[in-house]
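Take the sequence shown: its letters are residues 0 to 328, numbered as in numbering that gives the first Met the number 0.
Note that beta-carbon positions come from the ideal geometry of N, C-alpha and C, so glycine has one too.
Just so you know, these numbers come straight off a predicted model, no measurement behind them.
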Amino acid sequence: MASAPRMVPSAVPPPPELAEFCSDVVLGLSQPGQKELPSKYLYDNVGSALFEVISHLPEYGLTRADERLLRRHADEIVDRLTGPVAVAELGSGSGKKTRWLLEAFCRRQRTSYYPVEISHSALVMCERELRDIDRISIVGFEREYLDGLLEVAAYRKSGQRLFVLFLGSTIGNFDRPAGVKFLAEVRRILQPGDGLLLGTDLEKPSTQLLAAYDDELGVTAAFNLNLLSRVNRDLGADFDLRQFTHLAKINYKARSVEMHLQSKRRQIVSIPAAEIAVEFREGETIWTESSHKYSADEMTETARNSGFRCEAQWIDEQWPFAENLLIAE
Ligand code: AVJ
0 MASAPRMVPS AVPPPPELAE FCSDVVLGLS QPGQKELPSK YLYDNVGSAL
50 FEVISHLPEY GLTRADERLL RRHADEIVDR LTGPVAVAEL GSGSGKKTRW
100 LLEAFCRRQR TSYYPVEISH SALVMCEREL RDIDRISIVG FEREYLDGLL
150 EVAAYRKSGQ RLFVLFLGST IGNFDRPAGV KFLAEVRRIL QPGDGLLLGT
200 DLEKPSTQLL AAYDDELGVT AAFNLNLLSR VNRDLGADFD LRQFTHLAKI
250 NYKARSVEMH LQSKRRQIVS IPAAEIAVEF REGETIWTES SHKYSADEMT
300 ETARNSGFRC EAQWIDEQWP FAENLLIAE
């Protein structure tokens, strides 16, 4: 029997965003002191594909821990949200690990799944990966998280609960105060009783963290450097990628791992679309990403500070990682 027609993710096109990229680059590279570029720009098509490779590296156990937990505890997690539920995912990536939750929901009832993802190719892959699940309907949003979630909330049918997935410790890209602020913004879009499944990578020895963010194959280095090729491509800049090196370092105070791109020598890079030229000193860095690491205990308070309560937690012992089930108060 032919299956019912489905909306493909690309049916909801992205808003124009080049102007924003340009102003973010100007802001990040022309300020005095530490230069920086927002980590969300790491995830173009090439960047998303490289992250997918990172998730298979032996040094980077994060994604596999996340998936182990979701696979092992899918029924338990799903049973905590009774009644009709629509599932939204912020940053779905390939969608592979989400399968276990969606299959558990769909065994119970017909389920709508709304992936929100800024990478077009990741969104297309995600739809392809999950479309075979029985009784699922998928509508993707090529959007920033909160813009996408607002649209998903507008699709909510009465009596339906929203279950938001924010997996893979993506929250870790925010510093702690910004993370709480982000969760509070998610909370404002939700209604009491709605759920948020939050994946958080837990603290671990620094040698293990440094290996995870500076793998010996150099995939993470390529992932990081790709940001410069994106500035070249989209804004006509002339970054010489061979004149920068990938750097991973621990920020003990912030409890995070930082990725930087370090200039090998003094150099000047011009960025025509931004009408600026940027000077780099030898050894100067561009800070491109932070991955904050958490203790299992701090989630109770993080949830409370953002309008949720932490109702349950599942922890992977092999690679310390937690799935936290937050319920909107
Ligand atoms: C996808 C944001 C969770 O911070 O561990 C992997 C991205 N950066 N290696 C992370 C990443 C370098 C990843 N997150």
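Going by C-alpha positions, Y293 is about 12 Å away from E322. A straight line joining the alpha-carbon of V86 with that of Y112 spans about 5 Å. In the three-state scheme derived from DSSP, where H, G and I count as helix and E and B as strand, G147 is classed as helix.
Around the C-beta of K180, fewer than 16 other C-beta atoms lie within 10 Å, and the residue is accordingly described as exposed. DSSP places A48 inside the alpha helix (DSSP H), whose first and last residues are N44 to I53. Shown here, D78 sits in a helix according to DSSP, grouped into three states. Distances from the CB of S290 to the heavy atoms of the ligand AVJ include at least one below 7 Å. Runs of the beta strand (DSSP E) lying entirely within the stretch 293 to 324, each at least 3 residues long, are 307 to 315 in chain order. Around A220, the same chain offers H245 as residues with beta carbons nearer than 6 Å, after the five sequence neighbours per side are excluded.
Within the chosen limit of 7 Å, the ligand AVJ reaches the beta carbon of I53 through at least one heavy atom. For F243, the shortest separation between its Cβ and any heavy atom of the ligand AVJ does not lie below 7 Å.
Look at the stretch 243 to 295 and you find these whole runs of beta strand (DSSP E), each 3 residues long or longer: 243 to 250, 255 to 262, 266 to 270, 275 to 279 and 284 to 291.
Fully enclosed alpha helix (DSSP H) runs of no fewer than 4 residues occupy 98 to 107 of the stretch 82 to 126, in order along the chain.
For the pair E66 and G90, the CB atoms are not nearer than the 8 Å cut-off. In this model, W313 and R280 are separated by some 46 Å (Cα to Cα).
About 7 Å separates the beta carbon of L56 from that of L216, a gap short enough to meet the 8 Å contact definition.
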